[in-house]
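Residue numbers (the numbering used here), protein chains in the order written: chain H, 10 to 976; chain R, 3 to 192.
Note that the Cβ used here is the ideal one computed from N, Cα and C, for glycine as well.
See structure below.
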């Protein structure tokens, strides 16, 4: 019976919290963009002329098929992250794409039209070296996989292993490449660095070693980068030090030494410090490669050479040229070469591979984005036109991971910004007012009021009101005009000029920082990229911190964002200041940071230009202020004694607190050491600076108040035990006051381990860990209360808190693993909170905080019912209606960013990972706006109807009275 | 005998469905008796039928005008004690309506609260009523106390229903967030 009551209570409480998107709301305020990452292999499907498929494998372990006409995804397979899902090689023949995954762990064949898996074989252990398609008598039947110590041959149609052979002397010889020319033999090349090359010849049928020879090559350190096979079985190598090419006939028994050809004899020279690159083409795996090849001598110098009768002949010299690639269509192989045209554009031309002659009218002009990077990869799709000439399209990948697909004469067919597959940090910035709004705002600015007298102010006011009226009329006219058009033809084009804040501030600018160092400004409503900026020379492992120093609220001062980029190796940081709306670099002088920056601190103190002051702490605990005008320094001196900061050194397990001195140096005021032998600090979080808490307490069943412990200086420190044994491992949480260093509370979760995800907000901390005893994920919530009375209701000072808070804790079982955790955030903090849980399945669960409440009673009482507390149940429900992204899953969700909107009920959510998904959530439903499906027609018709009915009946009543009076 | 118009010169007019304030029968002696309505004028010719001196107006009881002091006193006390007499009834209603907040209890409470307030606002009118009494002031006081008790009862009801902001939780929304004195920030060493 009691259980029934509990169930009833839960289902009643769910009535209030269940909130899913209706079918007709799909895509109304949410959007998703899917990405693939940096392309490592790209192959065009040349199987048929009309094919639009482009197969790509990327460094994000994604194997996908793109529509080469639109750039959209046909299908995408996202493998495990890390080396486990690493794609080692991609080969394509006909309709089949063969992929080697996970350092030679798996061999898979995909059907390219729908992306279905045809077969999968588990390969023997051993690190992967190379893979190649093997053909016999013009038919490609096999795929050969070379591992560190073995070679195996698999059937292309079924994946079954034909044979596997151990490689001779594999402990001393590094086998690196593989070659087959369709003559029934597979060649494996190995090298003993700076000594000799080993060439082993296998028979395709049974894997028998036909021949094995070693050739002196004292200059060689690696085969992969410097050798290739050309013509009918000639190994060609290049060496930078000796400035020579070397050739070796593979199938001749007598040649035991490589033939050296000095580059000088060809009038060529490799640029110093540049590793020359050889590029050859084997159009059909069942046939030997072409005898023509590219030799890259310097970053912008390629040369097309031909081996003819044992002699190397230069066909064409491309100087300067950035990129060169071969492409085959039917029987004809062409070479596409990209060479600089001027500062902003490159031209791509087509040359016939066998003669080096330029094809007429094949130029594609590629305009380089001035805010982008240089092109670094060129993929060519050649096809035969109706008149039998060769046409082509190219895909260019740049340093900033932009994929551009071009066709003649330079039209950009599509573009993909793959840098967005790796968003590191982001912020949402309010859009500026429109010009008229801004004018009205600016009218009463401080400076204007001083300059003008009373009368000009009145006139100004009138004129600006008039402008507003004009704008409003124009807006109405536009609405009317648009309403007449059919719905589909009204384009919601967003451009940077028309960008303005909407009524409820629901549209914002998403400033995204990606790992490759490219910054994006994206319109949150439509997902359009409004600006992009590539920062060059960003080290791959840099740390980014994005700070909004000035919002759009201070017209006419432009909004200002500062990006701190810290190089992990040198520790040196530098600041990049920009306008988040237009993406332009700001002209403000940036302080030089000669010493490594340890942390930053954004103060609520503003300078005379309304920019918040950013403090940067270096490794000598000295502070640099930015901006550092006299005004700021003066303010800093006044407030220095109340500015504190904390630093967490995970390697020493040390938390230390500092106080700012007047001379911008610091003094250590506290230190907490968490011994690293036992546990290590994994994460520290304070509260979000823009978080508002409306209610200072909770109303109890007896209508008294339990006041929340809202310490803005509280830090949640999560530790994990160094001992990972499942019986002894634990997860610890410390709540530390960041000003005084006082440990407010500590809790230990035994038999638990990370990864821990947690949210620290208001007066609560929610964290998720893995319970290694029961093998499940658990949520735990800590809530802090001051008690029935507030100690000091006007000011909060960490230095004057004599009473420790009451701490309540409860844990729950969560039936799914978790990728990331975040809490919703609203303007005033009146709306109830939800937790947004990113699941590995790609769904984002909006979990009401009400379920994570340590005051949930085990036994239902009158008072708990009064308080609307849900009775405690250990299992946390997951309901499909709570998935805010319905079927728009976000692959590998890594972070969720929440931002308040102008509506109290609405919170903007951006989930990023491999994909980006933006939506709005309404934790307490839309209590402050009318619903989407609000029946205006019905309501207004009823109102009008009633109005007229009143009028008519009034008239009738009058008539009736008059008649009666006449009687 | 269906309608007076058709009746013509009927001396006795019985009009069942004509008007509410109608006697079963009536005699009219005076010609221009204005209290008659239009329809009756048609029966002018029959005036002669009424006996002389007959009037269909109810004759006022002139005996009341002779001041019966006791009756006045009694009447005034009735007025003064009216609110007090209401209280047991109100208590019963209060008990019956319960403490849940829904439309009917709220309506009851509003009525209960509004009636004494209305009475207190029209105190002067009541005093005029009590003017003739000798114990005017005492009666006025009793009337006042009765009404005050009534409103106190209403307030008590509000209190027991939880409609009065007497708990600290009722003022929770007005507490401003405390101002923070220290500025703190930082994080993991980057």
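Using the rule of at least 16 other Cβ atoms within 10 Å of the residue's Cβ for burial, across every protein chain shown, is residue 894 of chain H buried or exposed? buried
Residue 191 of chain R touches chain H at which residues, Cβ-Cβ below 8 Å? 607, 608, 656, 657, 658 and 659
Using 8 Å as the cut-off, can you tell me whether the segment 478-495 of chain H makes contact with the segment 509-527 of chain H, which would need three or more C-beta pairs spanning the two stretches below that distance? Under the Cβ criterion (8 Å, minimum of three pairs), the segment 478-495 of chain H does not count as touching the segment 509-527 of chain H.
With distances taken from CA atoms, which of H:254, H:393, H:465 and H:267 is nearest residue 285 of chain H? H:254
Name the residue from H:462, H:59 and H:207 whose alpha carbon lies nearest to the alpha carbon of residue 395 of chain H. H:59
Please confirm if the segment 39-47 of chain H is in contact with the segment 916-934 of chain H, defined as three or more CB-CB distances below 8 Å between the two stretches. yes
Below 9 Å on C-beta distance, what does residue 801 of chain H contact in chain R? 180
Inter-stretch contact at 8 Å, needing at least 3 Cβ pairs: the segment 776-786 of chain H / the segment 708-723 of chain H: no
Work out the CA separation of residue 814 of chain H and residue 188 of chain R for me, nearest whole Å. Taking the Cα positions, residue 188 of chain R is about 24 Å away from residue 814 of chain H.
Enumerate in chain order the residues of its own chain whose CB-to-CB distance from residue 974 of chain H is below 7 Å, with the five nearest sequence positions on each side excluded. none
May I ask you to report which of helix, strand or coil DSSP gives residue 51 of chain R? helix
Test: residue 648 of chain H CB closer than 9 Å to a CB of chain R: yes
Using alpha carbons as the reference points, say which of H:710, H:881 and H:124 lies closest to residue 818 of chain H. H:881
What is the DSSP secondary structure of residue 640 of chain H, counted as helix, strand or coil? In the three-state scheme derived from DSSP, where H, G and I count as helix and E and B as strand, residue 640 of chain H is classed as helix.
Using 10 angstroms around the beta-carbon of residue 93 of chain H, count the other beta-carbons present and answer buried if the total reaches 16, otherwise exposed. exposed
Among H:932, H:148 and H:154, which residue has its Cα nearest to the Cα of residue 136 of chain H? H:154
Is residue 191 of chain H near residue 295 of chain H, with beta carbons less than 9 Å apart? yes
8 Å contact criterion, which residue 345 of chain H and residue 401 of chain H should meet: CB distance rounded: 6 Å
By the three-class DSSP mapping on this structure, what secondary structure does residue 594 of chain H have? It is a strand residue.
By the three-class DSSP mapping on this structure, what secondary structure does residue 153 of chain R have? When DSSP states are grouped into helix, strand and coil, residue 153 of chain R belongs to the helix group.
If you drop the 5 nearest sequence neighbours on each side, which residues of the same chain put their C-beta closer than 6 Å to that of residue 576 of chain H? 548 and 551
Note down the Cα distance separating residue 191 of chain R from residue 660 of chain H, rounded to an integer number of angstroms. 10 Å
CB-CB length for residue 520 of chain H against residue 508 of chain H, believed under 8 Å: No, residue 520 of chain H and residue 508 of chain H are not in contact; Cβ-Cβ is about 13 Å, not under 8 Å.
Below 7 Å on C-beta distance, what does residue 177 of chain R contact in chain H? 705 and 802
What span of residues does the beta strand (DSSP E) with residue 767 of chain H cover, start to end? Looking at the DSSP string, the run of the beta strand (DSSP E) that includes residue 767 of chain H is 761-770.
Have a look at residue 873 of chain H and residue 748 of chain H and give me their C-alpha separation to the nearest angstrom. 36 Å
Residue range of the unbroken beta strand (DSSP E) whose run includes residue 76 of chain H: Counting along the chain, the beta strand (DSSP E) containing residue 76 of chain H begins and ends at 71-76.
With DSSP run on the structure shown, which of helix, strand or coil describes residue 321 of chain H? strand
9 Å Cβ cutoff, residue 170 of chain R in contact with chain H: yes
May I ask you to list, following chain order, the residues of the segment 138-154 of chain R that have a beta carbon less than 8 Å from some beta carbon of chain H? Cβ contacts with chain H come from no residue of the segment 138-154 of chain R.
Using a Cβ cut-off of 7 Å, pull out every chain H residue sitting near residue 165 of chain R, in sequence order please. Within 7 Å Cβ-Cβ: nothing; residue 165 of chain R doesn't reach chain H, min ~12 Å.
Which term fits residue 149 of chain R, buried or exposed, when burial requires 16 or more other beta carbons within 10 angstroms of its beta carbon? Label assigned to residue 149 of chain R: buried.
Using 9 Å as the threshold, is the C-beta distance between residue 710 of chain H and residue 867 of chain H below it? no
With distances taken between CB atoms, is the gap from residue 665 of chain H to residue 656 of chain H smaller than 9 Å? yes
Decide if residue 339 of chain H is buried, meaning its Cβ has at least 16 other Cβ atoms within 10 Å, or exposed. exposed
Decide if the segment 404-413 of chain H is in contact with the segment 379-396 of chain H; the criterion is three or more beta carbon pairs, one per stretch, under 8 Å apart. yes
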